[in-house]
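Asks: I'd like to ask you about the structure that follows.
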Amino acid sequence: MKKLFAGLLVALLVGCSVQARTQQKPSTKTLETIDYPTVLALKDGKKQPAEIDVYRQEFEKLKKPCLENDETLAGMVYAFTKKAKASGDEWSTNLDTMKSFAESAESGFERKPARCIQVYQMYVQSLQEGSGK
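According to this note's numbering, the stretch in the sequence shown is residues -9 to 123, in order.
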């Protein structure tokens, strides 16, 4: 009787375990490709395809001298633009930031590609020194 009861208990537990695993929802995290130049353009209020193409071209220019991935580059551009606006430069755009970063990376590094986080840090430091923080 004990063996029968133990067997039924094990079968019940295994059955519940299998059912619980099959009822789990699949991962909601899907691999999406994010178009970072479009995101940056939209953040600047640009919605026309021709305007977005300009952002895409500048983003490609920024990617050439930099080792960072697209997400990191877009994050640095957006973060600096946000900091610039917060310090009083309300006309600062992501496009202007991309152009400045690309020019600094192209002229500032002897060996390319390089870590463009250095360009970002230099710009942030310059911004802080300019605002007296």
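In this text, a Cβ means the ideal position worked out from N, Cα and C, and glycines have one as well.
Going by the beta-carbon positions, is the gap between V67 and L30 smaller than 8 Å?
Replies: Here residue 67 corresponds to residue number 77 of the sequence shown, with the count starting at 1. Here residue 30 corresponds to residue number 40 of the sequence shown, with the count starting at 1. Yes. Within cutoff.
Asks: Have a look at S77 and N84 and give me their C-alpha separation to the nearest angstrom.
Replies: Position 87 of the sequence shown, counting from 1, holds the residue named residue 77. Position 94 of the sequence shown, counting from 1, holds the residue named residue 84. The alpha-carbon atoms of S77 and N84 are separated by roughly 15 Å.
Asks: Am I right that Y110 and D60 are in contact with their C-beta atoms under 8 Å? What's the rounded C-beta distance?
Replies: Reading the sequence shown from its first residue, position 120 is the one you call residue 110. Reading the sequence shown from its first residue, position 70 is the one you call residue 60. Wrong, their Cβ atoms sit about 15 Å apart, outside the cutoff.
Asks: Expressed to the nearest angstrom, what Euclidean distance is found between the alpha-carbon atoms of F70 and F91?
Replies: On the sequence shown, residue 70 is found 80 positions in, with the first residue counted as 1. On the sequence shown, residue 91 is found 101 positions in, with the first residue counted as 1. Roughly 10 Å between the two C-alpha positions.
Asks: How would you write the range of the alpha helix (DSSP H) that F91 sits in, first residue to last?
Replies: Residue numbering aside, residue 91 sits at position 101 when the sequence shown is read from its first letter. Per DSSP, F91 belongs to the alpha helix (DSSP H) from 84 to 98.
Asks: Do you know how far the Cα of R105 is from the Cα of G98?
Replies: The residue you call residue 98 lines up with position 108 of the sequence shown. The residue you call residue 105 lines up with position 115 of the sequence shown. Using only the alpha carbons, I get a separation of about 11 Å.
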